[in-house]
Amino acid sequence: MTPLLKSPDIFCHEDYAGGMHAIRSATEKGTVSILFVEAVLDSLREKGVDGRPVLERSGISPALLSLPEARVTAAHYTALLRETAKVLDDEFFGQDSRRMKIGSFSMLCHSVVHCRRLDQAVRRTLDFFNLLLDDLHGALEVSDTAVRLVVTERHPERPARILGQEALLMFTHKLACWLVNRRIPIREAAFRFPEPAQGREYALMFCPALRFGQPKTVLTFDPGMFLLPVVRGEGGLKEFLRQAPENLLVQYKDSQSQAARIQRRLRPLPPADWPSLEVMAGELNCSLSTLRRRLEAEGQSYQLIKDRLRRDMAINLLADPERSITGIALELGFAEPSAFHRAFKKWTGARPGEYRPVLFSGVVGGAGR
């Protein structure tokens, strides 16, 4: 992660001005639950660091913490992770009693790109984390029917390091996906801890097949995926590191899922032009009932996908003080501003006019401003 931490302005922010360019930019950015922000702040607090200045330098208003349903842009959350890593000199964000000093992840990546096969690269990745971390341990268990990525804690009697487990799993999985240049589907995800408040996000972070309160934290994969050759090399590593940690912890959607295919279809279009579910089924070469069944298996629905896209677009567009709320409502395909107000309150717990001042209150700078 060294390049990104030395260059806090490398995350490229798109200009919101300009009709469909604004809509497309807002749709592509996505949002993150405020609960993940709170987890990072808890980690800073445990290390004796005042999180408020870190939050404000990241462009996140502390007032958002008072809204349990609030969300922040992916750019702001990425900025928070970078600021936290810099303040702590720890690319594991204070989630272990031993720091993972800045530059560690870059060194790991330079090492694993020289592995021939994915199973070798993942084992080396876990060996690296196990060498640097004291409290969390990763292991790869291989059988004829499954490969299991297992995370255990040295002190299981203590409260679970949920952010640490999330980070270790996603660092390892996303790096593996990048190394073979394809998505590695997660068959099942089990977690030792009870379902956390942010657990509803896990279907997108990992997979729809979730179980909590299990004996171990385990991601289960099909074994054939780990026989794939490593196709990445030193040439693409600089760009991969430049995009971290967003490409590891924020951009976590399964690009092969039905929901992801639908999102890719909808993103270039203004919401008013989004096709009906029947038309979408035809474009995906399946029947209406088949598409509904596939989405249900992923824990999704067409309406949920559209609502999530609109929600993320709305939050990103509200971050531009030059845009009127009425104009945003129309751009998002709402016939009446009142309908937008009701929908936004359902998504975030506050109306747009209440949410927008909170976005900027107390913020002195940071990402996306």
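The sequence shown: position 123 = 236 (the working numbering), numbered continuously. No residue lacks a Cβ here, since even glycine has one placed at the ideal position from N, Cα and C. As the structure is a prediction and not an experimental result, all values here were calculated from the model.
Which residues DSSP lists as bridging Val185, in chain order
Here residue 185 refers to the residue found at position 72 when the sequence shown is read from its first residue. Beta-bridge pairing links Val185 to Val145.
If you draw a straight line from the alpha carbon of Asp155 to that of Leu382, how long is it in whole angstroms?
Indexing the sequence shown from 1 puts residue 155 at position 42. Indexing the sequence shown from 1 puts residue 382 at position 269. About 39 Å.
Contact defined as beta carbons within less than 8 Å: I believe Gly462 pairs with Leu180. What is the distance between those atoms, to the nearest angstrom?
One-based indexing of the sequence shown puts residue 462 at position 349. One-based indexing of the sequence shown puts residue 180 at position 67. Indeed, because the Cβ distance is near 5 Å, the residues count as touching under 8 Å.
Nearest-angstrom Cα separation, counted from Arg345 out to Glu352
Within the sequence shown, numbered from 1, the residue matching residue 352 stands at position 239. Within the sequence shown, numbered from 1, the residue matching residue 345 stands at position 232. Those two C-alpha atoms are separated by around 12 Å.
If you reduce the DSSP assignment to three classes, tell me which class Val476 lands in.
Walking along the sequence shown from the start, residue 476 turns up at place 363. Here Val476 scores only 47 on pLDDT, less than 50, and its place in the model should not be relied on; the value that follows carries that caveat. Coil, per DSSP.
Just checking: is the beta-carbon of Met338 within a distance shorter than 8 Å of some beta-carbon in chain B?
Included in the structure is just one protein chain, with no chain B present.
Counting C-beta neighbours from all protein chains within 10 Å, is the total for Gly466 16 or more, i.e. buried, or is it exposed?
For the purposes of this step, residue 466 is identified with residue 353 of the sequence shown, where counting begins at 1. Classification of Gly466: exposed, given that the 10 Å Cβ count is below 16.
Ranges of the alpha helix (DSSP H) found wholly within the region 281-343, counting only runs of at least 4:
315-318
So, with DSSP's three-state summary, where would you put Gly346?
In the sequence shown, the residue the question calls residue 346 occupies position 233. Correct three-state label for Gly346: coil.
For the candidate residues Leu417, Gly348 and Gln371, whose alpha-carbon lies nearest to that of Glu396?
Mapped onto the sequence shown, residue 396 falls at position 283. Looking at the Cα atoms, Gln371 is the closest of the given residues.
What would DSSP say about Tyr468, mapped onto helix, strand or coil?
Numbered from 1 along the sequence shown, position 355 holds the residue referred to as residue 468. Tyr468: helix per DSSP, three-state reduction.
How many Å lie between Leu472 and Thr186 at the Cα?
In the sequence shown, counting from the first residue as 1, residue 472 sits at position 359. In the sequence shown, counting from the first residue as 1, residue 186 sits at position 73. If I take the Cα positions, the gap works out to 10 Å.
Which residues does DSSP list as the beta-bridge partners of Glu254?
Position 141 of the sequence shown, counted from the start, is the residue given in the question as residue 254. Arg261.
Restricting to Cα atoms, I'd like to know which of Gly143, Gln233 and Asn243 is closest to Leu340.
The residue labelled residue 340 in the question sits at position 227 within the sequence shown. Residue Gln233 is the option with its Cα nearest to Leu340.
Reference Ala357, options Ile215, Cys320 and Phe453, closest by Cα
To locate residue 357, count along the sequence shown from 1; it is residue 244. Of the listed residues, the one whose Cα sits closest to Ala357 is Ile215.
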